[in-house]
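Numbering (the numbering used here), first residue to last: 4 to 411.
What follows is the structure, encoded as structure tokens:
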């Protein structure tokens, strides 16, 4: 090789080394600049995840009223669509719209009715501690819950639906049946060896009870849970997942309470067409709940009291409770879950403090069996529901229900 060729090769080699070195320096400087940037790094992979969940019911109502025929109905008990995301390591969000009870027969034995498309939830969750789930700040439109049943995902319950008794507790505290209010809350979880603790405290805006400017009190809620044995949840999230898929051996004991000052219990119209407001001085609820898991066996229940007062009139006293038993087992390569649930509500006192739907009693029994083809993402169940009661929400008609649930 002549000298001229050697010089060319040497120049090329030196140039290559210089370019590589310069590239590494520029890359290091760019990384350093990003680390010292005043802007947060956006996680585009977790920016948005679509949510579509459908729960279709086929029911046959068995009427005990001679004027109402037995009737079949196919409806969407739950139809949710929206999205969620985790755009930053410490920030999550969720929002969903709903069209629940779409095409539900108003003369069927199924309680509730279609109310159109609306906002189901819309809230943010900020993780305030870098390496711990013990302190999370939540704000937006979400559940103001104190009891286990209200805090449990409706897509995971062993009964056909969440208990009617828990509807009364949500309605009493928030003024709306789904228990959704705008508010702000702190919550967290910490698991140790065979012991765990979780909590949530919140302050909410109960607009249904604030029809007078002198009665603008907020609703305050608190919930505390202790787990023994295997943890019920490994990380903090808003809703509990009831089914543990025969893997947990543990007990969770929970306590909850809610309180609100002066408010408007009900309104009526006098002979002159004017609104008449029925006030209360204070409103409160409190109680306890329990969940026991031993491999495939699951027992859960709750008991909560409700009280509302106004000087000079009889107090309103209510209580709600439920007990549910379910068992997961595999047969013919299918995960099956027979279950039985009993729930009851009782309310008595001054009607003007709470309205007609919270007066009287309502009791229900659910016998059923579920098949989980893909955990809660694909579920088919067959249930028979026996109903009785005297409250404004109660019905004495029974019904047979088939549920098909799909979550994407």
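Don't be surprised by glycine CBs; every beta carbon is placed ideally from N, CA and C.
Predicted, not measured: the structure shown is a model, and the values here were computed from it.
For the alpha helix (DSSP H) containing residue i, name the first residue and the last one.
{"i": "residue 170", "result": "167-177"}
In terms of residues, what are the limits of the beta strand (DSSP E) holding residue i?
{"i": "residue 362", "result": "Looking at the DSSP string, residue 362 is not in any beta strand (DSSP E), and its letter there is neither H nor E."}
{"i": "residue 270", "result": "266-272"}
{"i": "residue 322", "result": "319-330"}
{"i": "residue 282", "result": "278-283"}
{"i": "residue 188", "result": "183-195"}
{"i": "residue 304", "result": "300-312"}
Bridge partners for residue i per DSSP, in chain order?
{"i": "residue 407", "result": "59, 383"}
{"i": "residue 374", "result": "339, 383"}
{"i": "residue 226", "result": "203, 259"}
{"i": "residue 53", "result": "86"}
{"i": "residue 252", "result": "297"}
{"i": "residue 245", "result": "None, per the DSSP bridge assignment."}
{"i": "residue 233", "result": "The partner list for residue 233 (beta bridge, DSSP) is empty, contrary to what the question assumes."}
{"i": "residue 348", "result": "323, 365"}
{"i": "residue 208", "result": "185"}
{"i": "residue 392", "result": "365"}
{"i": "residue 286", "result": "263, 311"}
{"i": "residue 401", "result": "65"}
{"i": "residue 198", "result": "195, 231"}
{"i": "residue 292", "result": "257, 305"}
{"i": "residue 74", "result": "64"}
{"i": "residue 334", "result": "337"}
In whole angstroms, what is the alpha-carbon distance linking residue i and residue j?
{"i": "residue 159", "j": "residue 314", "result": "43 Å"}
{"i": "residue 193", "j": "residue 240", "result": "12 Å"}
{"i": "residue 76", "j": "residue 316", "result": "44 Å"}
{"i": "residue 309", "j": "residue 169", "result": "12 Å"}
{"i": "residue 249", "j": "residue 329", "result": "11 Å"}
{"i": "residue 101", "j": "residue 84", "result": "7 Å"}
{"i": "residue 320", "j": "residue 97", "result": "36 Å"}
{"i": "residue 188", "j": "residue 171", "result": "22 Å"}
{"i": "residue 382", "j": "residue 373", "result": "7 Å"}
{"i": "residue 174", "j": "residue 197", "result": "36 Å"}
{"i": "residue 227", "j": "residue 259", "result": "6 Å"}
{"i": "residue 304", "j": "residue 274", "result": "46 Å"}
{"i": "residue 73", "j": "residue 117", "result": "20 Å"}
{"i": "residue 152", "j": "residue 146", "result": "12 Å"}
{"i": "residue 123", "j": "residue 142", "result": "14 Å"}
{"i": "residue 290", "j": "residue 307", "result": "4 Å"}
{"i": "residue 133", "j": "residue 229", "result": "23 Å"}
{"i": "residue 63", "j": "residue 113", "result": "9 Å"}
{"i": "residue 238", "j": "residue 325", "result": "27 Å"}
{"i": "residue 25", "j": "residue 52", "result": "Residue confidence is low: residue 25 scores 42 on pLDDT, short of 50, so the model does not pin down where it sits. Its coordinate-derived value is still stated next. Going from the Cα of residue 25 to the Cα of residue 52 covers about 40 Å."}
{"i": "residue 218", "j": "residue 263", "result": "10 Å"}
{"i": "residue 385", "j": "residue 363", "result": "29 Å"}
{"i": "residue 415", "j": "residue 411", "result": "Nothing can be reported for residue 415: it is not among the residues displayed for the chain, which extend from 4 to 411."}
{"i": "residue 400", "j": "residue 43", "result": "57 Å"}
{"i": "residue 149", "j": "residue 211", "result": "19 Å"}
{"i": "residue 334", "j": "residue 359", "result": "47 Å"}
{"i": "residue 59", "j": "residue 50", "result": "30 Å"}
{"i": "residue 88", "j": "residue 120", "result": "22 Å"}
{"i": "residue 405", "j": "residue 277", "result": "46 Å"}
{"i": "residue 391", "j": "residue 265", "result": "33 Å"}
{"i": "residue 397", "j": "residue 200", "result": "36 Å"}
{"i": "residue 403", "j": "residue 115", "result": "16 Å"}
{"i": "residue 71", "j": "residue 110", "result": "8 Å"}
Just confirm the distance between the C-beta atoms of residue i and residue j, as a whole number of angstroms; I'd bet it's less than 8 Å.
{"i": "residue 388", "j": "residue 163", "result": "6 Å"}
{"i": "residue 167", "j": "residue 370", "result": "With a Cβ gap of about 15 Å, residue 167 and residue 370 do not count as contacting."}
{"i": "residue 81", "j": "residue 157", "result": "7 Å"}
{"i": "residue 233", "j": "residue 221", "result": "Actually they are not in contact, since the Cβ atoms of residue 233 and residue 221 sit about 37 Å apart, beyond 8 Å."}
{"i": "residue 301", "j": "residue 247", "result": "7 Å"}
{"i": "residue 282", "j": "residue 270", "result": "Not confirmed; about 10 Å, so no contact."}
{"i": "residue 268", "j": "residue 356", "result": "4 Å"}
{"i": "residue 257", "j": "residue 296", "result": "At roughly 14 Å, the Cβ-Cβ gap does not stay under 8 Å, so residue 257 and residue 296 are not in contact."}
{"i": "residue 139", "j": "residue 191", "result": "6 Å"}
{"i": "residue 161", "j": "residue 377", "result": "Going by Cβ atoms, the distance from residue 161 to residue 377 rounds to 17 Å, so no, they are not a contact pair."}
{"i": "residue 186", "j": "residue 205", "result": "5 Å"}
{"i": "residue 242", "j": "residue 154", "result": "6 Å"}
Any heavy atom of the ligand HEM within a distance shorter than 6 Å of the CB on residue i?
{"i": "residue 215", "result": "This structure lacks the ligand HEM, and indeed carries no ligand of any kind."}
3-residue-minimum beta strand (DSSP E) runs that sit fully inside the segment 76-161, ordered along the chain: 94-101, 121-130, 139-146
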